[in-house]
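Notes follow the structure.
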Amino acid sequence: MRSVMVQIPNTPPSASPAPRSVPTSADVARLAGVSRATVSYVLNNTSAVRISEPTRRRVHEAARELGYVPHAAARSLRAGHSRMVLMPAPAMPIGPLYGRFINELQWALGRLDYTVVQYGTVAVQGDEAARAWAELRPVAVIVPGAGLGPQGVTLLKRSGARAVVTLGTASVEGAHALLMDQAAVGHAAAAHLFRRGRRRIGVVVPEEAGLETFSRPRLDGARDALRGTGAAITELPLAYTEEAAARLAARWGDLSLDGVFTYNDEYAMLLMRALQDTGVRIPEDTAVIGADDLMLGRLLRPRLSTVHIELPSGRDLAALVDRAVRNPGAAPETHRVLGASVVRREST
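Just so you know, we're using this note's numbering here: the sequence shown kicks off at 16 and counts up by one.
Here it is, written out as structure tokens:
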């Protein structure tokens, strides 16, 4: 067997292209024919200095052509603080209603020239999570749900956070608070069922982790609405699965319930289908009411009665954050938000 040796020439590797330099504000100023100060005023949207609209357009066009973006760290050094608003990602499932609120809040903060960063802290909670948030040096932190304590608030403020805002059922010392009265949701639902003649009322309590922040106060509100009436409340733990709903529906006859508050509209859809599959008539046998007033409730048959929830305005919360950033020494504000009103439809 003949073998042939082939020599592979040892060619030097081709030289890699030199990295392009990062464009600076001086480059933008030269291309636009203005001073660096003008570039800064325009790109930082400074309202204290009047810049003509043609000049603003030239600066923005030059920045786009060069691919220039302002340096956040440098801007923070000049201002003495960052423009980052940190929002820890909720440690619980969030529905469409809360999602719309978050989108409005982010839009409103963006209009005020803040950068919103969502931060996931699944493995850590409370004050330990606050330490992780503080490492990013945000100018403000908006904390949904429970868990943050006074020590966490102090830690965040010492790290440079000018505003700490909590959204939950109780205020935290040192922080601004939007108090959401979840008990009012359960109270409204149970009172409606009672007015419709229902006396054996179930209340769904989701088994998903994190939702107890909302579900327990809603259950307490339902109990409070029926206290002294002679009507009975039955707590109904339920996982958000078809199998769990089918198991609950299978023992519905033994429970002898003539009304149910399903925690929200999504659980209503889950449970209504399971009940109907076992022959339970809605509302003749059992009246059903949800919460959140989602579109899907109007698509169900029968159409779902619900508790309409009025969340705080994202614009108002953004304005609160901005006030606190501008005046960090001001006393913490507390606002009671979240309206609850019944929308009666065919299911009750």
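All C-beta atoms, glycine included, are put in the ideal place defined by N, C-alpha and C.
Whole-angstrom distance between residue j and residue i, CA atom to CA atom
i: A206; j: A144; result: 39 angstroms
i: L92; j: R45; result: Caution is warranted here: a pLDDT of 47 is assigned to L92, below 50, making its placement in the model unreliable, and no coordinate value can be reported.
i: L193; j: P221; result: 24 angstroms
i: L12; j: V340; result: Here the chain comprises residues numbered 16 to 363, so residue 12 is not present and cannot be evaluated.
i: V57; j: Y129; result: 16 angstroms
i: R213; j: R330; result: 40 angstroms
i: I216; j: Q121; result: 39 angstroms
i: A264; j: T293; result: 7 angstroms
i: A345; j: G189; result: 10 angstroms
i: A355; j: P38; result: 53 angstroms
i: F116; j: R316; result: 28 angstroms
i: V387; j: S97; result: An answer regarding residue 387 cannot be provided, because it is not within the stretch 16 to 363 covered by the chain.
i: L309; j: E119; result: 17 angstroms
i: P69; j: E76; result: 11 angstroms
i: A198; j: D280; result: 17 angstroms
i: T228; j: T53; result: 49 angstroms
Of the listed residues the options, nearest to residue i (C-alpha basis)
i: F209; options: A247, R338, L193; result: A247
i: T321; options: L314, L332, D307; result: D307
i: R71; options: V218, R238, V49; result: V49
i: M102; options: V132, E80, A77; result: V132
i: R351; options: E258, V180, M195; result: M195
i: L182; options: L285, P327, A345; result: P327
i: T277; options: E119, R242, A78, S230; result: S230
i: A41; options: A78, R65, D280; result: A78
i: S362; options: D273, N59, N118; result: D273
i: S186; options: G82, Y134, A259, P165; result: P165
i: E299; options: V275, R313, A147, L314; result: V275
Per DSSP, cross-strand counterpart(s) of residue i
i: T249; result: G217
i: E325; result: G354
i: V131; result: V100
i: L263; result: BP columns for L263 are empty, so no partner.
i: T181; result: V158, A192
Supposed close pair residue i, residue j - CB separation, criterion 8 angstroms
i: A155; j: A176; result: 6 angstroms
Residue i: CB within 7 angstroms of a non-hydrogen atom of the ligand NAD
i: P232; result: The ligand NAD is not among the ligands present in this structure, which contains no ligands whatsoever.
Runs of 4 residues minimum, wholly inside the stretch 201 to 243: which ones carry the alpha helix (DSSP H) assignment?
227 to 241
Run through the stretch 294 to 342 for me and flag every whole beta strand (DSSP E) of 3 or more residues, listed as ranges in chain order.
302 to 306, 320 to 325
Restricting to runs no shorter than 3 residues, where is the beta strand (DSSP E) found entirely within the stretch 136 to 171?
For the stretch 136 to 171, whole beta strand (DSSP E) runs of length 3 or above, ordered along the chain, are 155 to 159.
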